[in-house]
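Colleague:
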Amino acid sequence: MKISKGVKIGGLQKTTLIDYPGKIAATVFLVGCNFRCPFCYSSELVLPEKIERQPKIPEKDFFKFLKERKGLLDGLVLCGGEPTLNKELPNFIKKIKKMGYFVKLDTNGSNPKLLEKLIDGKLVDYIAMDIKGPKEKYSEVAGTKVDIKKIQESIEILKEGKVDYEFRSTIVPSIHTKEDIIEMAKWIRGAKRYYLQNFRAEKTIDPKFEKIKPYPPEFLLEIQKAIAPFFEVCQVRG
Ligand code: SF4
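Numbering (the numbering used here), first residue to last: 0 to 237.
Written out as structure tokens, the structure is:
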């Protein structure tokens, strides 16, 4: 699915202390996603029939909010959905940067070309990219056919270190085994930061996942200890 006409804002969290490392930020949610991860918490930003019903925030209201928060917020987190589907994203970010805000982008890594463009244009200060699963299971975990070459390209672009970054994986029982997590860690080994995020059984795209219990924290901590030597920073979140 391509979102072509302007940036569509499906939500705004006015303050977050946890989504942008070291910064007080707001999070803006852009609608549309090319993946269908069954455990996704944001179906209203992903499924076209739900996107339609989701109230949108006009850009001018969003920029008015940014103007009012000048001096109170350090940065903006752009997430979705998948923000890089929006062709207007570079212009949208330019306007945010012009106001002096730091920008963090959350992405599924499926659009390496745009990532490169944003990095080279100094439009992003921090990128968080999801690693959904080991290469062989990627499409299964993402709920759609994924071009793994593009994911690989995005990994390489981030590992060049031209912009601050992290990789992260939401770890879901019934999808990820211990071996899968180690496989993912080996794939991106040498990266600056890797976070394992424990799944939360909330409203999910596939309702079956709402009944799935997260792994006990000890399970993730044990794996984190094993893979920590591959990264400068490796932690369990959530
Ligand atoms: S979790 Fe998957 S489906 Fe949901 S927004 Fe992220 S990439 Fe899209």
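Glycine included, each C-beta is placed from N, C-alpha and C at the ideal position. Model, not experiment: these values are computed from the prediction.
So what's S168 in DSSP terms, helix, strand or just coil?
Modeller: Position 169 of the sequence shown, counted from the start, is the residue given in the question as residue 168. In this structure, S168 counts as strand in the three-state DSSP scheme.
Colleague: Is G21 close to the ligand SF4? I mean its beta-carbon at under 7 Å from any heavy atom of the ligand.
Modeller: Taking the sequence shown and counting its residues from 1, one reaches residue 21 at position 22. No, since every heavy atom of the ligand SF4 falls outside the 7 Å radius drawn around the Cβ of G21.
Colleague: In whole angstroms, what separates the C-alpha of S53 from that of P228?
Modeller: To locate residue 53, count along the sequence shown from 1; it is residue 54. To locate residue 228, count along the sequence shown from 1; it is residue 229. It is Gln, not Ser, that sits at residue 53 in the sequence shown. Going by the C-alpha atoms only, they are around 43 Å apart.
Colleague: If you scan the region 12-76 from start to end, which runs of the alpha helix (DSSP H) of 4 or more residues do you find wholly inside it?
Modeller: DSSP runs (the alpha helix (DSSP H)) wholly in the region 12-76: 42-45, 47-52 and 58-67.
Colleague: Quick check: M128 and T106, are their CB atoms within less than 8 Å of each other?
Modeller: One-based indexing of the sequence shown puts residue 128 at position 129. One-based indexing of the sequence shown puts residue 106 at position 107. Yes; because the gap between Cβ atoms is below 8 Å, this pair is in contact.
Colleague: For I181, name the three-state secondary structure that DSSP assigns.
Modeller: Numbered from its first residue, the sequence shown carries residue 181 at position 182. The answer is helix: DSSP assigns I181 an H, G or I state.
Colleague: In chain order, what residues of the same chain lie with their CB nearer than 8 Å to the CB of S109, ignoring the 5 residues before and after it?
Modeller: Here the question's residue 109 lines up with position 110 in the sequence shown. Taken in chain order, the residues that qualify are N33, F34, E81, T83, V145, D146, K149, I150 and S153.
Colleague: V140 by DSSP, collapsed to three states: which one?
Modeller: For the purposes of this step, residue 140 is identified with residue 141 of the sequence shown, where counting begins at 1. Note: V140 maps to helix in three-state DSSP.
Colleague: Going by DSSP in three states, A127 sits in which element: helix, strand or coil?
Modeller: What you label residue 127 is simply residue 128 of the sequence shown in a count that begins at 1. Here A127 sits in strand by DSSP.
Colleague: Under 7 Å: does the beta carbon of D60 sit that close to some heavy atom of the ligand SF4?
Modeller: As a first step, residue 60 must be located in the sequence shown, where it is residue number 61. No, the Cβ of D60 stays beyond 7 Å of every heavy atom of the ligand SF4.
Colleague: Report the option in I92, D205, I204 and R199 whose CA atom is closest to the CA atom of Y214.
Modeller: Position 215 of the sequence shown, counted from the start, is the residue given in the question as residue 214. For Y214, the nearest C-alpha among the options comes from R199.
Colleague: For the region 171-186 and the region 129-140, state whether three or more C-beta atom pairs, one from each stretch, are separated by less than 8 Å.
Modeller: Yes, they touch.
Colleague: Within a Cβ cutoff of 8 Å, which residues of the same chain sit near L220, ignoring the five residues on either side of it in sequence?
Modeller: To locate residue 220, count along the sequence shown from 1; it is residue 221. Taken in chain order, the residues that qualify are V235.
Colleague: Going by beta carbon distance, what residues of the same chain come within less than 8 Å of S3, once the five residues before and after it are set aside?
Modeller: Looking up residue 3 in the sequence shown gives position 4. Residue placement at S3 is poorly supported in this model, since its pLDDT is 43, which falls under 50; the coordinates still yield a value, given next. The answer, listed in chain order, is K86.
Colleague: Tell me which residues share the same chain as E115 and place their Cβ nearer than 8 Å to its Cβ, disregarding the 5 neighbours each side in the sequence.
Modeller: Locating residue 115 in the sequence shown gives position 116, where the first residue counts as 1. For E115, where only same-chain residues beyond five positions count, the Cβ hits under 8 Å are I156.
Colleague: DSSP on T106, reduced to helix/strand/coil?
Modeller: Counting from one through the sequence shown, the residue named residue 106 turns up at place 107. T106 falls in the strand class under three-state DSSP.
Colleague: What's the gap between the Cα of L88 and the Cα of D205?
Modeller: Looking up residue 88 in the sequence shown gives position 89. Looking up residue 205 in the sequence shown gives position 206. The straight-line gap from Cα to Cα measures roughly 29 Å.
Colleague: Decide if K93 is buried, meaning its Cβ has at least 16 other Cβ atoms within 10 Å, or exposed.
Modeller: Taking the first residue of the sequence shown as 1, we reach residue 93 at position 94. Flag for K93 reads exposed.
Colleague: Return yes when at least one heavy atom of the ligand SF4 lies under 7 Å from the C-beta of N107, else no.
Modeller: Position 108 of the sequence shown, counted from the first residue, corresponds to residue 107. It does: the Cβ of N107 is within 7 Å (strictly closer) of some heavy atom of the ligand SF4.
Colleague: When the Cα of Y40 is compared with those of N197, G160, I180 and K224, which residue comes out closest?
Modeller: If you number the sequence shown from 1, residue 40 lands on position 41. Closest option to Y40, Cα to Cα, is N197.
Colleague: Identify the residues that DSSP records as bridge partners of Q196: which are they?
Modeller: On the sequence shown, position 197 is the one that residue 196 refers to. BP columns for Q196 point to T169 and R236.
Colleague: Taking 7 Å as the cut-off, is the C-beta of D129 nearer than that to any heavy atom in the ligand SF4?
Modeller: Along the sequence shown, read from residue 1 onward, the residue named residue 129 stands at position 130. Result yes, Cβ under 7 Å from the ligand SF4.
Colleague: Suppose the cutoff is 7 Å on Cβ atoms and the five residues either side in sequence are ignored; what does the same chain contact list for K1 look like?
Modeller: Here residue 1 refers to the residue found at position 2 of the sequence shown. Legend: pLDDT at K1 = 45, less than 50; position of this residue unreliable, value from coordinates given subsequently. So the qualifying residues of the chain are L84.
Colleague: Under the three-state reduction of DSSP, which class applies to I156: helix, strand or coil?
Modeller: Reading the sequence shown from its first residue, position 157 is the one you call residue 156. The answer is helix: DSSP assigns I156 an H, G or I state.
Colleague: Would the beta-carbon of T26 fall within 8 Å of that of V76?
Modeller: One-based indexing of the sequence shown puts residue 26 at position 27. One-based indexing of the sequence shown puts residue 76 at position 77. The answer is yes: Cβ separation under 8 Å.
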